[in-house]
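Asker: Those protein sequence lines, which keep their order, are chains A and B. Read in order, the letters of the first sequence are residues 2 to 301 in the numbering used here. Read in order, the letters of the second sequence are residues 1384 to 1634 in the numbering used here. Sharing a structure, written as structure tokens. Questions coming.
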Amino acid sequence: MKKTLLLVAAITILVADFWHLALAQEKPPATKKKPAAIEVHKVQHSEWYQEVAGPLFMLVLGSDARQAGVDGGRGRCDAIHLVAINPAAKAGTILNFPRDSFVDVPGHGPNRINTACFFGGPDLMVRTMTQLTGIPIHYYAITEFTHFRALTEELGGVEVNVPYRMNDPVGSGADFQPGLQVLAGEQALRFNRNRHATPAGDFSRTENQALFMLASLAKFQKETVDATRILDYIRVARRHTQITVPLPEMIKLASLARQIDPASMHSILVSGSTGKSGDASVVFLHPTDLFARVRDDALP
Amino acid sequence: MVQRNHTVTFLSRPFALLIACLVLGGTACDRLQPPPAPSPPPPPPRADFRVVEPRGVDPLDRGVVPQADVEMVTAVINQYYNIAFIQPDKWEGGKHLGVTHTFTAEAQPQVLTNLNTLALGELAPGIERVTPGRQEISRVAFFFENDGSVPIAIAEVNFDATVTVKAPPQPAKKTPSKSPSSKTPAAAASPAPSPSPSPSPLAGPIKIVHTARFWLSKQGETYKISAFAVDLKADTIKITTKKTPKKKGKR
């Protein structure tokens, strides 16, 4: 009897264990599922840069000194551009001055505007322009021939839409067909110096110089999709120009420059009539209220 | 003479005892065996960014990569991502207040208004944990002044992670009553179970991808973020289930 009971107990326990295990592994009832639907959230973007107080005004000068160092030495400034920026509007104006503009040079009396660099360097040019326009100039940048060539070479050239045929074998040496082409080094200098093979002499030259500046802006924007490249541009500017913008401001300006559409920069020739002052050919400016409008908000 | 049963004969006493002991002992052993020791929890995830392409940008071409500055920038990026994305105890319900310390004073006000791209932001309360994937400072450039000092850096950062969403709260279970009329006072006093909450639209793992450009200014022995451009992408998986109707048998 005892043996039988023991056997029954053993079998019962065995069966109970088996049933327990079977229950524990029971699968949930199978249901057919629709494939998971993946929804991609819209990519969210935000950006913020340190603000540039505006409007901001900067003088961009090109000296005709051949090897004077980045400050242009005591050459004459044949490239004179007042760049005005409205940071809030992400737009601005480039005022292009004929080099023979007849103005008062502080401490030296009436003279061609480009002599201000000769008499007193870029600082005197800044004072001359401020007196002429009533516009407060915050910074300037100046370079000369050698450094301009090197600057454009280091940047790998600038793609410019040459507006017309230029053939100036005697003066600048410019020889360009119209259309898009990359200009660097000596070619970039010839394009910016050419005034003989243009429709309106020095007036056209100064407008073409602004064209080159805007093409450089477009290049800068294209190449600084990799934001670390901003520092490469700052290095080139520091190396080949005398530029008075402090580094933290340069970073801010560079960040702003990435956001300005070149088409929103108004390039304006400060027009005038040609005449004489003694034996010198000069330009008598007729700015009307242009300076006042640009002074207000950097827009014409 | 009593004729012995063959079964009893076969399962002679010692053999039966052996079987019983084996069965009972085996079952008992299973019950008595201590549960396996729990494996130690994995360490909490933390930011561990790797720098791919550091370089110095020097007007004087001294050819130096400032290693100390590389480490400083890496430290601030790690700190930022720990607070913004990786470590739940730093999210503060999506406010991520600690992340402002990685920004300059001028930039700090921008942090709070851009939390949904600079950090998890409003996603944070619904997230259980974040498991980092790619953590790369893919490019970082340091600008040298002429005196050799390095005041500024710009970094391009790539981060992605898998996010585990919190399970939605389970609806309260209804206690079944024995008869329709036998309501005890206690049962009558207890509130009716609330309706099931609508299921979260988020379910399953989410992949987030954060791409950032940070402008950084050196302040003492550390860098702070002075400007930024960021993109945050989150892939959500919405699982829809539908039971297939049972096929009716043909009559």
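In this text, a Cβ means the ideal position worked out from N, Cα and C, and glycines have one as well. It should be emphasised that the depicted structure is a prediction, and the values quoted were computed from it without experimental measurement.
I'd like to know whether the C-beta atoms of K1341 of chain B and V1592 of chain B end up nearer to each other than 7 Å.
Answerer: Look at the range of chain B in this structure, 1384 to 1634, and you will see that residue 1341 of chain B is not part of it.
Asker: Under 8 Å between beta-carbons, which chain A residues line up against K1478 of chain B? List them in chain order, please.
Answerer: Under the 8 Å cutoff, chain A gives no residues; its nearest Cβ is about 17 Å from K1478 of chain B.
Asker: Report yes if the C-beta of E52 of chain A is less than 6 Å from at least one heavy atom of the ligand MG; otherwise report no.
Answerer: You won't find the ligand MG in this model; it holds no ligand whatsoever.
Asker: Identify the contact partners of I1537 of chain B in chain A, using a Cβ-Cβ distance below 7 Å as the criterion.
Answerer: Under the 7 Å cutoff, chain A gives A228, T229, I231, L232.
Asker: Report the rounded CA-to-CA distance for P164 of chain A versus N209 of chain A, giving the unit in angstroms.
Answerer: Looking at the two C-alpha atoms, the distance is approximately 9 Å.
Asker: Distance check for H139 of chain A and K1549 of chain B, CA to CA, integer angstroms please.
Answerer: So the two alpha carbons sit approximately 55 Å from each other.
Asker: Quick one: which residues of the stretch 1593-1619 of chain B get their C-beta closer than 8 Å to a C-beta of chain A? List them in chain order.
Answerer: So the close ones are R1596, W1598, S1600, S1609, A1610, F1611, A1612, V1613, D1614, L1615, K1616, A1617, D1618, T1619.
Asker: Within 7 Å of any Cβ in chain B, is that where the Cβ of E48 of chain A sits?
Answerer: It does: the Cβ of E48 of chain A has a partner Cβ on chain B nearer than 7 Å.
Asker: What do you reckon, are the CB atoms on L257 of chain A and P56 of chain A nearer than 7 Å?
Answerer: Their beta carbons are not under 7 Å apart, which means L257 of chain A does not touch P56 of chain A by this criterion.
Asker: Identify, in the order they occur along the chain, each residue of the same chain with its Cβ nearer than 6 Å to the Cβ of F119 of chain A, setting aside the five sequence neighbours on each side.
Answerer: Same-chain partners within the cutoff: R75, R77.
Asker: CB-CB under 8 Å to L291 of chain A, same chain, minus the five flanking residues each way: which ones, in chain order?
Answerer: Taken in chain order, the residues that qualify are L96, I269, V271, P301.
Asker: For V44 of chain A, which residues in chain B fall below 8 Å Cβ to Cβ?
Answerer: What V44 of chain A touches in chain B: D1614, L1615, K1616.
Asker: Which residues in chain A sit within 7 Å of N1465 of chain B, going by Cβ to Cβ distance?
Answerer: Going along chain A, no residue has its Cβ under 7 Å from N1465 of chain B, so there is no contact; the nearest lies around 20 Å.
Asker: What does I235 of chain A touch in chain B if you count any residue whose Cβ is under 8 Å from its own?
Answerer: Here the neighbours are V1440, F1526.
Asker: Can you name the start and end residues of the beta strand (DSSP E) that V163 of chain A belongs to?
Answerer: That run of the beta strand (DSSP E) goes 159-163.
Asker: Kindly list the residues whose CB is nearer than 6 Å to the CB of V246 of chain A, restricted to its own chain and excluding five residues on each side of it in sequence; keep chain order.
Answerer: Cβ neighbours of V246 of chain A beyond the five flanking positions: Y140.
Asker: Would you call Q260 of chain A buried or exposed, if buried means 16 or more other Cβ atoms sit within 10 Å of its Cβ?
Answerer: Exposed.
Asker: State the CB to CB distance for the pair H1484 of chain B and A1502 of chain B, rounded to an integer number of angstroms; the pair is presumed to be in contact (CB under 8 Å).
Answerer: That pair is no contact at about 13 Å.
Asker: For V1453 of chain B, which option in B:V1613, B:D1431, B:A1536 has the closest C-alpha, if you only look at C-alpha atoms?
Answerer: Of B:V1613, B:D1431, B:A1536, the residue nearest in Cα terms is B:A1536.
Asker: Name the chain B residues whose beta carbon is nearer than 9 Å to that of I252 of chain A?
Answerer: Within 9 Å Cβ-Cβ: F1526, I1535, I1537, W1598, S1600, S1609, A1610.
Asker: Taking C-beta pairs closer than 7 Å, name the residues in chain A that E1511 of chain B reaches, listed in chain order.
Answerer: Those do not exist, as E1511 of chain B stays about 18 Å from chain A at its closest Cβ, beyond 7 Å.
Asker: For S64 of chain A, count neighbouring Cβ atoms within 10 angstroms of its own Cβ and tell me buried if that reaches 16, exposed if not.
Answerer: Counting Cβ neighbours within 10 Å, S64 of chain A comes out buried, since at least 16 surround it.
Asker: Span of the alpha helix (DSSP H) holding H241 of chain A?
Answerer: Note, H241 of chain A: alpha helix (DSSP H), 230-241.
Asker: Measure the CB-CB distance between D233 of chain A and V1440 of chain B and report whether it falls below 7 Å.
Answerer: It is a contact, given that the beta carbons lie within the stated cut-off.
Asker: Can you give me the C-alpha to C-alpha distance between I143 of chain A and T242 of chain A, rounded to a whole angstrom?
Answerer: Distance between the alpha carbons of I143 of chain A and T242 of chain A is about 5 Å.
Asker: Beta carbons nearer than 8 Å to chain A: which residues of the stretch 1473-1498 of chain B have them?
Answerer: Under the 8 Å Cβ criterion, the stretch 1473-1498 of chain B contributes E1489, A1490, Q1493, N1497.
Asker: Under a three-way DSSP split, which group does I261 of chain A fall into?
Answerer: I261 of chain A: coil per DSSP, three-state reduction.
Asker: For F204 of chain A and S173 of chain A, what's the separation of their Cα atoms in angstroms?
Answerer: Answer to the nearest angstrom: the Cα atoms are 15 Å apart.
Asker: Does P1508 of chain B come out as helix, strand or coil in the three-state DSSP assignment?
Answerer: Helix at P1508 of chain B.
Asker: Output needed for G1446 of chain B: all residues of its chain with C-beta closer than 8 Å, excluding positions within five of it in sequence on either side, in chain order.
Answerer: Excluding residues within five positions, the ones whose Cβ falls inside 8 Å are G1439.
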